[in-house]
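Enquirer:
Protein chains in written order, with the numbering used here: chain A, -10 to 103; chain B, 142 to 254.
Next up, the structure:
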């Protein structure tokens, strides 16, 4: 079973700072990779989905990149705001025909200080 | 966009009782739904994969007789925690696949006392 690792586990930054969250995976066979946001005690909100044919996706202040050769993805958050405080999870499907099972990283807990 | 509705959002039950959690896809048909469990400060762990009209596929270590999954229609999957014990207290989240990737329910916080 593949592993998905997220670094750092926690991050605290002052408001307005740009930041990068990292995600690495052991299985280089990739169909897609997805970034989620989870507020404390809540479900997951999908932020960005990168298909294997894509190198990056952008949504507002968020930009996610995918480097299949190195098994890495990064989530870039520009001009961070206190409302960005949450846990950010990356996940990718298990490889294999017809498999849609997601493997999640443990997440990066982000705190943006006003 | 795709929406998955999960109910209840939280439930407290006594040991030995059963609890049912519902997960509905509101604006799309979900052939496959996934059930996850999340313990404090841990990531989501897949419990089972539910396919409409067939038996669920459980991950290793998950008791199928304890966590009953029913996926009777393309828009509804249910997870029933039977004979609940305090160690079953956790955050349960369902997910469905759609055209925009994976959509998650808002989760259910189960506390067994």
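By construction, the Cβ of each residue, glycine as well, lies at the ideal position given by its N, Cα and C atoms.
Quick caveat: nothing in here was measured; it's all calculated off a predicted structure.
Against residue 31(A), what residues of chain B qualify as contacts under a CB-to-CB distance less than 7 Å, listed in chain order?
Expert: The answer, in chain order, is 247, 248.
Enquirer: So the candidates are 196(B), 220(B), 207(B), 244(B); which of them puts its Cα closest to the Cα of residue 226(B)?
Expert: If we check each option's Cα against that of residue 226(B), 207(B) comes out closest.
Enquirer: Three or more beta-carbon pairs under 8 Å between the stretch 20 to 27 of chain A and the stretch 46 to 65 of chain A, yes or no?
Expert: The stretch 20 to 27 of chain A is in contact with the stretch 46 to 65 of chain A.
Enquirer: If the cut-off is 7 Å on Cβ atoms, which residues from the stretch 63 to 95 of chain A count as contacting chain B, listed in chain order?
Expert: Of all residues in the stretch 63 to 95 of chain A, 78, 89, 90, 91, 93, 94, 95 have a Cβ within less than 7 Å of some Cβ in chain B.
Enquirer: Helix, strand or coil: how does DSSP classify residue 181(B) here?
Expert: Residue 181(B): coil per DSSP, three-state reduction.
Enquirer: Return the residues of the stretch 38 to 53 of chain A that lie within a Cβ-Cβ distance of less than 7 Å from chain B, sorted by chain order.
Expert: The stretch 38 to 53 of chain A vs chain B, Cβ under 7 Å: 38.
Enquirer: Under a three-way DSSP split, which group does residue 56(A) fall into?
Expert: In this structure, residue 56(A) counts as strand in the three-state DSSP scheme.
Enquirer: Closest to residue 192(B) by C-alpha separation, out of 247(B), 238(B), 144(B), would be which residue?
Expert: Answer by Cα proximity: 238(B).
Enquirer: Counting only Cβ pairs nearer than 8 Å, list the residues of chain A close to residue 217(B).
Expert: Going along chain A, no residue has its Cβ under 8 Å from residue 217(B), so there is no contact; the nearest lies around 17 Å.
Enquirer: Is it the case that the Cβ atoms of residue 38(A) and residue 242(B) are separated by a distance below 8 Å?
Expert: It is a contact, given that the beta carbons lie within the stated cut-off.
Enquirer: Under 9 Å Cβ-Cβ, which residues of chain B neighbour residue -9(A)?
Expert: None at all; the shortest Cβ gap to chain B is about 12 Å.
Enquirer: Determine the direct distance from the alpha carbon of residue 11(A) to that of residue 94(A), and round the result to whole angstroms.
Expert: Straight-line Cα distance between these residues: approximately 10 Å.
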